Amino acid sequence: MSVGIDIARVRALLPARPEAGHKGTFGHVFIIGGSRGFTGAVKLACEGAQRSGVGLVTAGVPEPLGDVMAASLLESMSFLLPATDAETLAGTPRAVGRALEFAAGKQAVVLGPGLSQHVETRAFVLEFVRQCPVPLLIDADGLNCLSTDLTPLDEASGSRVLTPHPGEMARLMKTTTAAVQQDRERAAATFAQAHGCVVALKGAGTVVADDSGAVLVNATGNSGLASGGTGDVLSGLVGGLLAQRMASLDATVLGVYLHGLAGDIAAEAMGERGMVAGDVVRAMPQAWRAIERGE
């Protein structure tokens, strides 16, 4: 049986912000993604993380994209990873090892925005999911690559959060999008319990489930969120909350609610039809203030 995600629940989850805190206090999230033509996804994920309250954000991108990312991410850092000739992440032991070494000193990792499904990149994803030593959120092409082999997810020892849209959920479950949409709560709960992870099945009434049997349904959000890039913003936001040492389920519940609320604030200002992902990012400070005030 599901329960609703409401203001009282999420307000109780707000991470503490001690007055004497510094960047290290509030964590460091490492966001791995990007490929030729898809740098915007990483940028939006980083912007979502920056608005989460996290202390530091670093984007891990294929080396040829370094200059593009450095120019567009003024408030985040870049970490360059070995690339294929197609300017996607390489799947070599050196590439995976470099990413794992850097991730080990961080509090959370996001894997997937703009990543591509290149065969070498898929090899990177599978090995990184298996070995990542810190809480890991998997989204977008990270999920599409993972759907080819779920064994690394089952063998992983760390916390894993998956944020699929219905099509990605269908690929993970080897079924159809229509079947997922027919019973969204059951789909999310079944997968979470089978694979020991947290699932946020995005859509109207995003469903959050974990392996304990908890199922929560979000009420914030609107059709303006059904546009490119908003999922990247969510992945960065939840990743930033994980980096603040929140429990995986709590970070996902808070992130989903706040993301939808920011979408509602943006829609109130400009209408649902003309919204883009950046408008959601810009509305996030107001959404935080509304939650803090219990509005």
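The sequence shown begins at 0 in numbering that gives the first Met the number 0 and counts up one residue at a time.
Built from N, CA and C at the ideal position, the CB exists for glycine as well.
Since the structure is predicted, the reported quantities are computational estimates derived from the model, not experimental observations.
request  = Label residue 206 either buried or exposed according to how many other C-beta atoms from any shown protein chain fall within 10 Å of its C-beta, with 16 as the threshold for buried.
outcome  = buried
query = Which of helix, strand or coil does DSSP assign to residue 38?
reply = helix
query = According to DSSP, is residue 95 helix, strand or coil?
reply = helix
ask   = Does DSSP put residue 221 in a helix, a strand or coil?
value = coil
key: First through last residue of the alpha helix (DSSP H) which encompasses residue 150   = 150 to 154
query = Which whole-angstrom value describes the C-beta separation of residue 34 and residue 113, a residue pair presumed to lie in contact below a C-beta threshold of 8 Å?
reply = 6 Å
query = Given residue 21, which residues of its chain have a CB within under 8 Å of its CB, disregarding the five upstream and five downstream residues?
reply = 54
message = Checking 9 Å against the spacing of the C-beta atoms, do residue 161 and residue 109 come in under that value?
response = no
ask   = When the distance is taken between beta carbons, is residue 137 closer than 9 Å to residue 149?
value = no
Simplified DSSP state of residue 71, which is helix, strand or coil = helix
task = Identify whether residue 21 lies in helix, strand or coil by the three-state DSSP scheme.
result = coil
ask   = Does the beta-carbon distance from residue 139 to residue 234 come in below 9 Å?
value = yes
query = Is it true that the CB of residue 220 sits closer than 9 Å to the CB of residue 164?
reply = no
Span of the beta strand (DSSP E), counted from its first residue to its last, around residue 77 = 76 to 80
task = Would you be able to state if there are at least three C-beta pairs under 8 Å between the segment 23 to 43 and the segment 237 to 254?
result = yes
query = According to DSSP, which residues form a beta bridge with residue 57?
reply = 29, 76
query = Taking the runs of the alpha helix (DSSP H) that are 4 residues or longer, which of them lie wholly in the segment 222 to 263?
reply = 229 to 242
request  = Give the DSSP-derived three-state secondary structure of residue 166 in the structure shown.
outcome  = helix
Residue environment, residue 3, which counts as buried when at least 16 other CB atoms sit within 10 Å = exposed
query = Is there contact between the segment 174 to 181 and the segment 151 to 158, where contact requires at least three CB pairs shorter than 8 Å?
reply = no
key: Per-residue burial, residue 263 [other beta carbons within 10 Å of its own, 16 or more giving buried]   = buried
query = Identify the residues that DSSP records as bridge partners of residue 136: which are they?
reply = 109, 160
request  = Note down the Cα distance separating residue 106 from residue 68, rounded to an integer number of angstroms.
outcome  = 22 Å
Start and end residues, alpha helix (DSSP H) containing residue 277 = 276 to 292
task = Could you check the C-alpha separation between residue 292 and residue 256 for me, to the nearest Å?
result = 15 Å
inquiry  = If you follow the beta strand (DSSP E) that residue 200 is in, where does it begin and where does it stop?
reply    = 197 to 200
ask   = Who does residue 215 pair with in a DSSP beta bridge?
value = 2, 207
query = Are the segment 117 to 132 and the segment 85 to 102 touching by the rule of at least three beta carbon pairs closer than 8 Å?
reply = yes
ask   = So which of 231, 124, 36, 61 has the shortest CA-CA distance to residue 147?
value = 124
message = Looking at the strands, I want to know which residues DSSP matches up with residue 88.
response = 82
ask   = From 79, 0, 10, pick the residue whose C-alpha is nearest to that of residue 289; which is it?
value = 10
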